[in-house]
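In the numbering used here, the protein residues as written are 307 to 543.
Report on the following structure.
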């Protein structure tokens, strides 16, 4: 697998472990949400991880540095984006720890059966399919809107690929939190840990991190908020 950078692409330093990621600004570049999610995820040594809707592979690559996961699989439906993620994996010499699979989240349980994962992660599209889409074929629209998969698809397939006590991690938007909590309970992925992300201490949260456990009893812990910037506009440490 060649790791060459193609026209229109760039190579970004991830500021961890010497890792770099190939990105195409015309498609969709990762944001701070992927970084926050990779920090929130708890992976024990030797566990296996599945990242649903992996895009350019940012979460698997970050988790390879931040955890001692035995193996990380990324699932991505857009073939050209999956191919770019594979080149990033090869560029970082992570082929023995990360696989990128081209496929549909709606068929994930069939793609990976009889595999069970210890941890499932996802940074899914936040917006409903009919919310302001201009070009449904655009890669950025696919990343932001529920065009190719819905929250139900993600939770249903995750449930099928998790054993009891396997863990599910997602970052989403607070305005959909009620729906998320209800649907997670319906799919037997019990919310256990929540953390809100605020741009400033006196502003409403713009993101929410959620951990769920398959087959767990109802009891959720709300962690202290994560504040991105201090009152002077400087990013918090």
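Just so it is clear, CB atoms sit at the ideal spot from N, CA and C, and this is done for glycine as well.
Check your understanding: Between which two residues does the alpha helix (DSSP H) carrying residue 346 extend?
Key -> 338-346
Practice item. Alpha carbon to alpha carbon, how far is residue 310 from residue 485? Give it in angstroms, no decimals. Key: 42 angstroms
Practice item. Closer than 7 angstroms by C-beta to residue 353: which residues in its own chain qualify, once you throw out the five before and the five after it? Chain order, please. Key: 375, 376, 424 and 425
Review point. Around the C-beta of residue 523, are 16 or more other C-beta atoms found within 10 angstroms, so that it is buried, or is it exposed?
Key: exposed
Review point. Apart from the five residues just before and just after residue 497, which ones in its own chain have a Cβ nearer than 7 angstroms to its Cβ?
Key: 487, 490, 516, 518 and 526
Review point. What residue does the beta strand (DSSP E) around residue 525 start on, and which one ends it?
Key: Residue 525 -> no beta strand (DSSP E), and no H or E assigned at all.
Point to revise | Rounded straight-line distance, which links the Cα of residue 459 to that of residue 403 | key: 26 angstroms
Check your understanding: Hey, which unbroken runs of the alpha helix (DSSP H) at 4 residues or more fall wholly within the region 311-395?
Key -> 338-346 and 364-372
Practice item. Starting from the C-beta of residue 335, find all residues in its chain whose C-beta is less than 7 angstroms away, skip the five residues before and the five after it, and write them out in chain order. Key: 329
Practice item. Classify residue 506 as buried or exposed, calling it buried when 16 or more other Cβ atoms lie within 10 Å of its own Cβ. Key: exposed
Exercise for review: Could you check how far apart the C-beta atoms of residue 422 and residue 472 are, in whole angstroms? I think they sit under 8 angstroms.
Suggested key: 7 angstroms
Check your understanding: Just how far apart, CA to CA, sit residue 417 and residue 314?
Key -> 32 angstroms
Review point. For residue 428 versus residue 406, is the C-beta distance shorter than 9 angstroms?
Key: no
Exercise for review: Assign residue 484 to one of three DSSP states: helix, strand, or coil.
Suggested key: helix
Check your understanding: Per DSSP, residue 408 forms a beta bridge with which residues?
Key -> 382
Check your understanding: Starting from residue 567 and walking both ways along the beta strand (DSSP E), at which residues does that stretch end?
Key -> The structure shown does not extend to residue 567, since the chain spans only 307 to 543, so no value can be given for it.
Check your understanding: Using the C-alpha atoms, what's the distance from residue 373 back to residue 351?
Key -> 7 angstroms
Review point. Straight-line CA distance for residue 513 to residue 533?
Key: 11 angstroms
Exercise for review: Give the C-beta separation of residue 494 and residue 465 to the nearest angstrom, bearing in mind that I take them to be a contact with Cβ-Cβ under 8 angstroms.
Suggested key: 6 angstroms
Point to revise | Own chain residues within Cβ distance below 6 angstroms of residue 398, not counting five before or after | key: 325
Review point. Whose CA, out of 462, 345 and 503, lies closest to the CA of residue 478?
Key: 503
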